[in-house]
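In UniProt numbering, the protein residues as written are 1 to 129.
A virtual CB, placed ideally from N, CA and C, is assigned to each residue, including glycine.
Here's the structure, in structure tokens; my notes come after.
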């Protein structure tokens, strides 16, 4: 019975779609269905405070998660452009906060990045990619 109650409060898979501002406010990630896998979720950097500089990460795909289990998106990968490494990952949404967890091995040993939902991209700088 507790499991059913927990599932009732889980965000639907569509809640992860849209624009998400990183906690550092240095990038916006857009999550949507993957172009080549309609039932998967992909994340791409669509705004970067360093757009147009040597540190520009605009256009980079940073996530692909292949399965929604009623609680989280799972079974895929998350790429960190800061350290240029790819990890296993999960995504969860609650109260318009997205938690992207990257890990090696088991999820409990990972790190979580929190993002807030935004309705539009910041005006400048503009990503060209």
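Reduced DSSP secondary structure (H/G/I, E/B, other) of residue i
{"i": "residue 14", "result": "helix"}
{"i": "residue 46", "result": "strand"}
{"i": "residue 118", "result": "strand"}
Near the ligand PLP: residue i beta-carbon under 7 Å from a heavy atom
{"i": "residue 60", "result": "Absence of the ligand PLP from the depicted structure is noted, as is the absence of any ligand whatsoever, leaving it without description."}
Nonlocal neighbours in the same chain, by C-beta distance under 7 Å from residue i, ignoring five residues either side
{"i": "residue 74", "result": "65, 67, 90"}
Residue from the options whose Cα sits closest to the Cα of residue i
{"i": "residue 115", "options": "80, 18, 22", "result": "22"}
{"i": "residue 44", "options": "53, 80, 119", "result": "80"}
{"i": "residue 40", "options": "84, 63, 92", "result": "63"}
{"i": "residue 15", "options": "36, 25, 24, 31", "result": "31"}
{"i": "residue 102", "options": "117, 84, 119, 38", "result": "84"}
{"i": "residue 34", "options": "56, 24, 71, 76", "result": "76"}
{"i": "residue 24", "options": "42, 49, 36", "result": "49"}
Through-space distance from residue j to residue i, alpha-carbon basis
{"i": "residue 86", "j": "residue 59", "result": "16 Å"}
{"i": "residue 19", "j": "residue 69", "result": "22 Å"}
{"i": "residue 28", "j": "residue 54", "result": "18 Å"}
{"i": "residue 97", "j": "residue 111", "result": "16 Å"}
{"i": "residue 9", "j": "residue 47", "result": "Caution is warranted here: a pLDDT of 49 is assigned to residue 9, below 50, making its placement in the model unreliable, and the coordinate value is therefore given only provisionally. In a straight line, the C-alpha of residue 9 is about 31 Å away from that of residue 47."}
{"i": "residue 104", "j": "residue 88", "result": "6 Å"}
{"i": "residue 121", "j": "residue 56", "result": "16 Å"}
8 Å CB neighbourhood of residue i in its chain, flanking five on each side removed
{"i": "residue 51", "result": "58, 125, 126, 127, 128"}
{"i": "residue 37", "result": "64, 66"}
Close Cβ partners of residue i (< 6 Å) along its chain, the five nearest in sequence each way excluded
{"i": "residue 4", "result": "Residue placement at residue 4 cannot be trusted, given a pLDDT of 41 that sits under 50; the coordinates are not used to answer."}
- Task: Please go through the UniProt domain "DUF2147" (18-115) and give each complete alpha helix (DSSP H) segment of 4 or more residues, from N-terminal end onward.
- Result: Qualifying alpha helix (DSSP H) stretches: none in this window.
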